[in-house]
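J.: The listed protein sequences correspond, in order, to chains A and B.
Here the first sequence is numbered in our numbering, starting from 1 and rising by one per residue.
Here the second sequence is numbered in our numbering, starting from 1001 and rising by one per residue.
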Amino acid sequence: MDSLLTLWSANTAVSATVWLLLAMTLLYSGRRPAHRILLSAGGGLRNVLRLTSRSLVQLERHLTRRNREVLLAAARADAERRIEREFSRIQTMVARDLSGYPALHRDIAAAIDSIETTYRESGENPPLPPAWSDVVNTIAALPSHGDPAVAKVLNNIKGAVEDTHKETLKAWQNSSAERHKLLSRMQPEWRTLNSKMDEVARTVDGLDSRTHQLDKQLTQFEEIRRGEDAAVRSLTSSSLTQFFIAGLVLTIALLGGLINFQLIALPMSEMVGGTSYIGAMKTSDIAAMVIILIEIAMGLFLLESLRITRLFPVISSMDDRMRRRMMIISLTILCVLAGIEASLAYMRDLLALDREALTQSLTGMSAAAEVSGVAASHAEFRWIPSIGQMVMGFILPFALAFIAIPLESFIHSLRTVLGLLLVAVIRVLAIASRSLGNLLGHSATLLTHAYDLLIMLPLSIERLITRRSPAGGSTDEIAAVIPDVEADEEETAARAKGRKPRRRVKETDSDAEAVAV
Amino acid sequence: MNTLTRFLTAALVPLSLALSGCGGQTPKTKAVYLLIDTSGTYTQELNKAQAIINYLLANLNSGDSIAVARIDSGSFSEKDIVAKTTFDMRPSTANDQKRQFKQAIDLFAGKLKRGSANTDITGGVLQATQYLNETGAGDKYVFIFSDLEEDLPDDYTRDFPISLDNIHVVALNVTKLRSDNIDPRDYLNRLDNWQHRVTEGGGDWRVLNDLERMDRLIVAN
């Protein structure tokens, strides 16, 4: 290095100046190709990155479209399922309530006939008392003229008329009482009729609300079928909510599984041995884990055969008898495993007690505890954790069985969430790629300026010469004198096509800028 | 957190086995050989040795091995092994074995009244290496509960290198002798000599005088 630095002169400064001048001359001579390299490299990189960005944008669009299709398809299937369920409910309702409609109709018709008959019976009016009161009054008002015989006759006539009137009135009253009795017999018929009508109204109301529900479902289905943006937004939001809720429940289930594992891992070592390993894991731990996984699998099959979840189309498409059999088998296995877990939990308690006793005997604590009576007082409550562990061992498998429901939601919503995440990542990459391309393009221009800055001295000299020379052209004109086969060919081709070469224009611009500097 | 790790590992074990071709590292079993000096006045320290044995019994698991032997005038003999066992794979049986082992040690401590005339530590260490190598355990320990002052009978030869490859040798409760108080360099030289012999033989040497720190006995390695 030192020999190079002192190549031209023993004085380092002189030699360095020579080197500098040499470098400047070389850089000045190679200015145009260097500019061209920098600009073409920058432009090329920018184009590549812009192309990448455009491809990523297209990929993003494709993915968004695909996500939308998947989301709509899933939602359509779900809506179809719900509509199918609504129809099934309506069918059940119709079969249950309206199948009895003919009998109901007969009852109502009989009740109406009965009421009609009774009404007719009550319509036969007895003869009304004749309008004899006027006759009696007239007879009573006749002047007797003091003749006792006439007065007696008149009184007799009046008495007879009054008796007849009383009898007629009594007969009329009896007839009215009979009609009232008939009318009161109609009352239960009315009530029956009323309750039957209420029943019909309830059924019709139920059907009405179901049809409204069905209408809503169908409207939603129609929106989904049309692929409306509002429906897609709503479905996306719903998927995200489902994802987080299902994730939360799965985390809780995971913790439950952890407790379950803790309960059966130790006693498992008593069954399969504590020194056996598969890889780096104890066989007993794996066995405990396998039991828990089998419980979850049985829970999946149970809920699947109950048609609560639909993770396995094979199970849900089975015929009812086979499905019922599968349900019974899954439930039986689950119960057996729960029983095993309860016994393992009890065994764990025994082992823990044994270990505790051993530790106490090794540390000499048992003797001290016996002296103080602590052990005796604790012994009477030992059954509480034992029973607690057994109950937990029995309950946890059933609790874990229900993991299938959040698992289904999680799996279904995971597709949407992953799709959204992927779209977001691709969008970020596209933006980054485009920004980087622009940055590189500008950096190339910046480097050409920096290059000119390095050869500022010869450029200044050139500018001076150009100014003094009357026929002198610009830097570009001088540079144009230098034969440049590639540029000439390009220029000729451009002229033949009737347009200016782009690169030349750019270079001319940059040269002009350099001169301005 | 440890349980969680185990749970997750167990859940992912089928996948990990498939990926690694069952090439996981099996945790190592341990084998411990405790040499108890029964010479001279060191028998008074026997209760400390019992505490160490109890600690070891509490911390060793199924598959681990333990042996306790005494150091007397000629220790390179199976007769000097007081008790030895390899714990069963079932935890309950292992617990029973530990109880029996403790009883055997208690019996030995109760019977021991008089110390031996000489102290053959090297013979004991040789016997220990044989036992430990036979167990095939992953981690092998020799605990020497002694003042490390070797006093061999006249015709005994012990000045040769001992092979202690991959064996951790821990000197416990190395008491100072009366002469050490006069010149402490004797004590330091004694420790240095043993360290030299162990490391030359390929073993790992440690001294643990503070028995309150027994948790470092096995875990520290």
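All residues carry an ideal CB built from backbone N, CA and C; glycine is no exception.
1. So, does the region 1096 to 1106 of chain B touch the region 1041 to 1058 of chain B, judging by three or more C-beta pairs under 8 Å?
2. Could you give the DSSP three-state label for L1208 of chain B: helix, strand or coil?
3. CB R1070 of chain B to CB E270 of chain A, shorter than 7 Å?
4. Tell me the DSSP bridge mates of E1139 of chain B?
5. When DSSP labels each residue in this structure, what does M298 of chain A get in the three-state scheme?
6. Any idea if K26 of chain A is buried or exposed, counting beta-carbon neighbours within 10 angstroms, 16 or more meaning buried?
7. Taking the alpha-carbon of E178 of chain A as reference, which of A:I157, A:P143, A:S122, A:T448 has the nearest alpha-carbon?
8. For a contact meaning CB atoms closer than 7 Å, what does G1110 of chain B contact in chain A?
9. Taking the C-alpha atoms as reference points, what is the distance between Y1293 of chain B and G1115 of chain B?
10. Any beta-carbon of chain A closer than 7 Å to the one on G1138 of chain B?
11. Name the residue from A:Q91, A:D229, A:T359 whose alpha carbon lies nearest to the alpha carbon of G206 of chain A.
12. What does the alpha-carbon distance come out to for the pair A171 of chain A and E199 of chain A?
13. Give me the chain A residues within the contact set of L1060 of chain B, using Cβ-Cβ distance strictly less than 8 Å, ordered along the chain.
14. Within 10 angstroms of the Cβ of S3 of chain A, are there 16 or more other Cβ atoms? Answer buried if so, exposed if not.
15. Pairs of beta-carbons, one from the region 382 to 395 of chain A and one from the region 10 to 18 of chain A, closer than 8 Å: are there three or more?
16. For F261 of chain A versus A288 of chain A, is the C-beta distance shorter than 7 Å?
17. Which bits of chain B does L358 of chain A rub up against, with CB to CB less than 7 Å?
18. Which residues in the same chain have their Cβ closer than 8 Å to the Cβ of Y277 of chain A, if we skip the five residues on either side of it in sequence?
19. So if DSSP puts D354 of chain A in a beta bridge, which residue, or which two residues, is it bridged to?
20. Contact between the region 1066 to 1086 of chain B and the region 1119 to 1128 of chain B is defined here as three or more beta-carbon pairs at a separation below 8 Å; is this criterion met?
21. Give every residue of the same chain whose Cβ lies closer than 6 Å to the Cβ of D1151 of chain B, excluding the five residues on either side of it in the sequence, and list them in chain order.
22. What would DSSP say about F221 of chain A, mapped onto helix, strand or coil?
23. Could you run through the region 1072 to 1096 of chain B and flag, in chain order, every residue whose CB is less than 7 Å away from some CB of chain A?
24. Quick check on the DSSP output: the alpha helix (DSSP H) that includes E443 of chain A runs from which residue to which?
25. Quick one: any contact between the region 433 to 443 of chain A and the region 329 to 341 of chain A, if contact means 3 or more CB pairs under 8 Å?
26. Rounding to the nearest angstrom, what Cα-Cα distance links P458 of chain A and R32 of chain A in this structure?
27. Could you tell me the alpha carbon to alpha carbon distance between L429 of chain A and N47 of chain A, rounded to whole angstroms?
28. Can you find the residues in the same chain that come closer than 6 Å, C-beta to C-beta, to T1086 of chain B, ignoring five residues on each side of it along the sequence?
29. For a contact defined as C-beta to C-beta under 7 Å, what are the partners of L1046 of chain B on chain A?
30. Hey, is S269 of chain A's beta-carbon within less than 7 Å of any beta-carbon in chain B?
31. Take the Cβ of E84 of chain A as the centre, count every other Cβ of all protein chains shown within 10 Å, and call the residue buried at 16 or more, exposed below.
32. Any contact of the region 108 to 123 of chain A with the region 189 to 197 of chain A, i.e. 3+ C-beta pairs under 8 Å?
33. Strictly by DSSP, which residues pair up with Y101 of chain A?
34. Given a threshold of 16 other Cβ atoms within 10 Å of its Cβ, counted over all protein chains shown, does A103 of chain A qualify as buried or as exposed?
35. Give the secondary structure of F1076 of chain B by DSSP, where H, G and I count as helix, E and B as strand, and everything else as coil.
36. Distance, Cα to Cα, F518 of chain A vs A265 of chain A?
T.: On the basis of the coordinates in this document:
1. yes
2. strand
3. no
4. Strictly speaking, residue 1139 of chain B in this sequence is Asp, with Glu absent from that position. Its beta-bridge partners are B:K1030.
5. helix
6. This sequence places Leu at residue 26 of chain A; Lys is not what is there. The residue is exposed, with fewer than 16 neighbouring Cβ atoms inside 10 Å.
7. A:S122
8. Ordered by position in chain A, no residue passes the 7 Å Cβ test against G1110 of chain B, which lies about 15 Å from the chain.
9. Chain B is shown from 1001 up to 1221; residue 1293 of chain B falls before or after that span and cannot be answered.
10. no
11. A:Q91
12. 43 Å
13. Neighbours of L1060 of chain B on chain A: none; closest Cβ ~11 Å, over 8 Å.
14. exposed
15. no
16. yes
17. N1095, K1098, R1099
18. T283
19. According to DSSP, D354 of chain A bridges with nothing at all.
20. yes
21. N1118, T1119
22. helix
23. M1089, R1090, P1091, S1092, N1095
24. A small correction: the amino acid at residue 443 of chain A is Ser; Glu does not occupy that position in the sequence shown. 404 to 454 is the span of the alpha helix (DSSP H), which, as asked, contains S443 of chain A.
25. no
26. 14 Å
27. 16 Å
28. S1065
29. The premise fails here: L1046 of chain B is roughly 15 Å from chain A at the closest Cβ pair, so nothing lies under 7 Å.
30. yes
31. exposed
32. yes
33. In DSSP, Y101 of chain A forms no bridge with anything.
34. exposed
35. coil
36. The structure shown does not extend to residue 518 of chain A, since chain A spans only 1 to 517, so no value can be given for it.
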